[in-house]
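Trainee:
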Amino acid sequence: MGFSVSALVVATCKPGIPHGCLGYVVAHSVRSHIGCYSVSWLYHCFCLAMHNASVNYDKTQSVSQAVNTRRSLRAFLPKSVETKVITRLLEQAARAPSGTNMQPWKSYVVRAKTRQVLCDAVCAAFDDPAQKPVSEMRYYPEHWFEPYVSRRREVGWSLYGLLGIKKGDHARTHAQHRRNFQFFDAPVGMIFTIDRDLATGSWLDYGMYLQNIMLLAREQGLHTCPQAAWADYHNAVRGVLPITPQEIIVCGMSLGYADPDAIENSLVTTRVPVEQQVIFLE
Ligand SMILES: Cc1cc2nc3c(=O)[nH]c(=O)nc-3n(C[C@H](O)[C@H](O)[C@H](O)COP(=O)(O)O)c2cc1C
């Protein structure tokens, strides 16, 4: 197995016990900015690193491996993905269950010239202050509240911290968000749509299809990043792709081979401990 070590860790506790342990970490993400980050941020890095210090770029052999090695990666190599691999992946992903087998998914796969035209159009819309993001699907709450707002901030600042983007640095924040609309350099971009008259249940089914794509990608040694950001610029997307008025953009997704040297790919997001999300009743 090939590993790209995301952090150099000098630890005094066992891996897999991310909380309540002492240690020192020199994340390779922060080696060059070591003076700029607080001890608590380093500790946070340490917890992440201890939780899962390695990124797996290999093909996975089991469902557990696919689940455990899937990450939203945000930097890809220019290496192309064979058409037959993408076709097989989407064919298999469609084995996802759906209420009364409605199969509510529809995917647009963009590569080469069309991908570039799409990225250029949406980047131009994103750069234009007159074009505000408008999504037809409501992914996030209108008013953020706990515990969700803290979790959201944590992932945002972990990513931006790795990239050395400080709060208030609007230019770099804009540039990083803009990378969504370049599919993070992945050679394959996907835009997913759903019929606007379908109900919440079909959106649930859709998530299973999307997860299948992400897990099956791991089996091919590929990585992904699901991207709701594309839905915010559905008008610009519609200018390039033949999406009918009856369709709503659900999200986009980057697909390709991960860049093992990209610092943003060392991000390992946390999860709430199982005891806090599951209630066993007997
Ligand atoms: C439907 C969906 C939409 C998402 N949209 C974006 C996006 O637009 N841009 C992005 O960088 N990440 C996006 N993400 C990735 C999440 O930030 C990520 O899943 C979360 O932080 C957990 O990290 P992990 O996927 O690495 O486990 C999205 C995830 C999902 C499931």
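Everything in the sequence shown is counted per this note's numbering, starting at 1 for the first residue and increasing by one.
Using N, Cα and C, we set each Cβ at its ideal position, and we do this for glycine too.
None of these values were measured; they are calculated from a predicted model.
Kindly provide the chain-ordered list of residues whose Cβ lies closer than 6 Å to any non-hydrogen atom of ligand 1.
Mentor: A distance filter of 6 Å between CB atoms and the heavy atoms of ligand 1 selects the following residues in sequence order: 71, 72, 74, 155, 180, 225, 226, 227, 228, 229, 251, 269.
Trainee: Measuring CA to CA, which of 64, 74, 89 is closest to residue 217?
Mentor: Taking the first residue of the sequence shown as 1, we reach residue 217 at position 217. The candidate whose alpha carbon is nearest that of residue 217 is 89.
Trainee: Spell out a yes or no on whether the region 82-98 and the region 147-164 are touching, meaning 3 or more CB-CB pairs, one atom from each, closer than 8 Å.
Mentor: no
Trainee: Hey, how far is the Cα of residue 276 from the Cα of residue 147?
Mentor: On the sequence shown, residue 276 is found 276 positions in, with the first residue counted as 1. On the sequence shown, residue 147 is found 147 positions in, with the first residue counted as 1. So the alpha carbons of these two residues sit roughly 12 Å apart.
Trainee: Do three or more CB pairs link the region 264-272 to the region 164-172 at distances below 8 Å?
Mentor: no
Trainee: Examine the Cβ distances between the region 99-113 and the region 225-235 and report whether three or more of them are shorter than 8 Å.
Mentor: no
Trainee: In chain order, what are the residue ranges of uninterrupted alpha helix (DSSP H) at least 4 long that sit wholly in the region 188-221?
Mentor: 200-219
Trainee: Tell me the DSSP bridge mates of residue 113?
Mentor: Position 113 of the sequence shown, counting from 1, holds the residue named residue 113. DSSP lists no partner for residue 113.
Trainee: Counting pairs of Cβ atoms below 8 Å between the region 258-266 and the region 199-215, do you hit three or more?
Mentor: no
Trainee: Sorted by chain position, which residues of the same chain lie with C-beta nearer than 8 Å to residue 189's C-beta, five sequence neighbours on each side aside?
Mentor: One-based indexing of the sequence shown puts residue 189 at position 189. Within the same chain, residue 189 has close Cβ partners 109, 110, 111, 115, 118, 119, 183, 252, 253, 254, 255.
Trainee: Can the beta-carbon of residue 247 be found less than 8 Å from the beta-carbon of residue 200?
Mentor: Taking the first residue of the sequence shown as 1, we reach residue 247 at position 247. Taking the first residue of the sequence shown as 1, we reach residue 200 at position 200. Result no, Cβ atoms of residue 247 and residue 200 do not sit closer than 8 Å.
Trainee: On the three-state DSSP scale, how would you describe residue 139?
Mentor: Along the sequence shown, read from residue 1 onward, the residue named residue 139 stands at position 139. Coil at residue 139, not helix or strand.
Trainee: Would you say the beta carbon of residue 217 comes nearer than 7 Å to a heavy atom of ligand 2?
Mentor: Within the structure as shown, ligand 2 is missing, the only ligands being ligand 1.
Trainee: Would you list, in sequence order, the uninterrupted beta strand (DSSP E) runs of no fewer than 3 residues that lie entirely inside the region 59-113?
Mentor: 106-110
Trainee: Is residue 134 helix, strand or coil when you go by DSSP?
Mentor: What you label residue 134 is simply residue 134 of the sequence shown in a count that begins at 1. In this structure, residue 134 counts as strand in the three-state DSSP scheme.
Trainee: Just grab the DSSP bridge partners of residue 226 for me.
Mentor: Sequence index remark: in the sequence shown, residue 226 carries index 226 (1-based). Its beta-bridge partners are 253.
Trainee: In the DSSP output, what is residue 248 paired with across the bridge?
Mentor: Position 248 of the sequence shown, counted from the first residue, corresponds to residue 248. Per DSSP, the beta-bridge partners of residue 248 are 194.
Trainee: Relative to the alpha-carbon of residue 127, which residue among 178, 230, 281 has its alpha-carbon at the smallest distance?
Mentor: The count along the sequence shown starts at 1 and reaches residue 127 at position 127. Among 178, 230, 281, the Cα nearest to that of residue 127 belongs to 178.
Trainee: Output the boundary residues of the alpha helix (DSSP H) element that contains residue 179.
Mentor: Against the sequence shown, residue 179 aligns to sequence position 179. Counting along the chain, residue 179 falls outside any alpha helix (DSSP H), and DSSP gives it neither H nor E.
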